[in-house]
Structure formats: C-alpha cells, structure tokens
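Residues in the sequence shown are numbered consecutively from 130, following this note's numbering. Just so you know, even glycine gets a beta-carbon here, dropped at the ideal spot from N, CA and C. Keep in mind that this is a model prediction, so the values were computed, not measured.
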Amino acid sequence: MPEIDIDELDRRRAAGAAVFDVREPDEYEEVRIPGAVLVPLATVPEAVEDFRAAAAGRAVCVVCAVGGRSGQAVGFLRALGVDAVNVAGGTKAWHESGKPVETGPVPA
Numbered sequence: 130m131p132e133i134d135i136d137e138l139d140r141r142r143a144a145g146a147a148v149f150d151v152r153e154p155d156e157y158e159e160v161r162i163p164g165a166v167l168v169p170l171a172t173v174p175e176a177v178e179d180f181r182a183a184a185a186g187r188a189v190c191v192v193c194a195v196g197g198r199s200g201q202a203v204g205f206l207r208a209l210g211v212d213a214v215n216v217a218g219g220t221k222a223w224h225e226s227g228k229p230v231e232t233g234p235v236p237a
C-alpha cells in the first residue's frame, strides 16, 4: 500500500491534496490536521463516492492517529479503484513535529 510521511503530506497539502481523517469524532475534535475532513473508519464504505470525487485530479491522503486505521481505509479504497495513500505516523506524528493543528468542534 502506498504510504507517505508527514513531510510529504505537508507538500501535498500545499499542492491541494484532499486529506481525510478516519478517526472518531472525539479524537478529531481533540486535535487534527488543518483542513482534514472527518470520515470515521466505520463510515468509509458509505463515503466511497466522496473519496472518488476528491481523487479527481488531486492526491487523496488518509490519516488517523498513527497509521493503522488509515491503512485499512486506504486498502479498502484502493481495492475500489480510488487512488489514496496512507500517512505513516498519522496525526500523532504531525502534532509532535510542531506542525500546525486545529482543535475543537468544526465550525458549521
């Protein structure tokens, strides 16, 4: 499965990549990568078309806490033809590196 590190994620975000976070809502509100869209792992099968639409013409990067759940999501999505990559180290590595994060509920 294709995997990138947080520095490559930073480069891809700057180039317009779509970032999906497959953690649970409470984890997402605690700390998240700016601009990451919440799609909890259990709901990924229902959201395949959202991922497919995001993949049209740009990179799709999937993140979780450290890389396990996002790896599952990427495997599932790639089996359905969605060009997605896993982010190794996940949100934890991003946050610990000092990169910017967002917290709290997502504004409506």
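What residues are listed by DSSP as bridge partners for residue i?
i	result
residue 129	With the chain covering 130 to 237 only, the question about residue 129 has no answer from this structure.
Just checking: is the beta-carbon of residue i within a distance shorter than 7 Å of some beta-carbon in chain B?
i	result
residue 216	As a matter of chain content, chain B is missing from the structure shown, which is built from one protein chain.
Span of the alpha helix (DSSP H) holding residue i?
i	result
residue 238	In the structure as shown, the chain begins at 130 and stops at 237. Residue 238 is therefore absent and cannot be evaluated.
So, is residue i buried or exposed, given that buried needs 16 or more other C-beta atoms within 10 angstroms?
i	result
residue 155	exposed
residue 220	buried
residue 204	exposed
residue 233	exposed
For residue i, does the three-state DSSP call read helix, strand or coil?
i	result
residue 191	strand
residue 173	helix
residue 153	coil
So the beta strand (DSSP E) residue i belongs to, where does it begin and stop?
i	result
residue 213	213–216
residue 147	147–150
Answer yes if the stretch 174–192 comes into contact with the stretch 225–236, meaning at least three C-beta pairs across the two stretches below 8 Å, and no otherwise.
Contact between the stretch 225–236 and the stretch 174–192 is absent: fewer than 3 CB-CB pairs across the two stretches fall below 8 Å.
I want to know whether the stretch 145–153 touches the stretch 189–199 - three or more CB-CB distances under 8 Å.
yes
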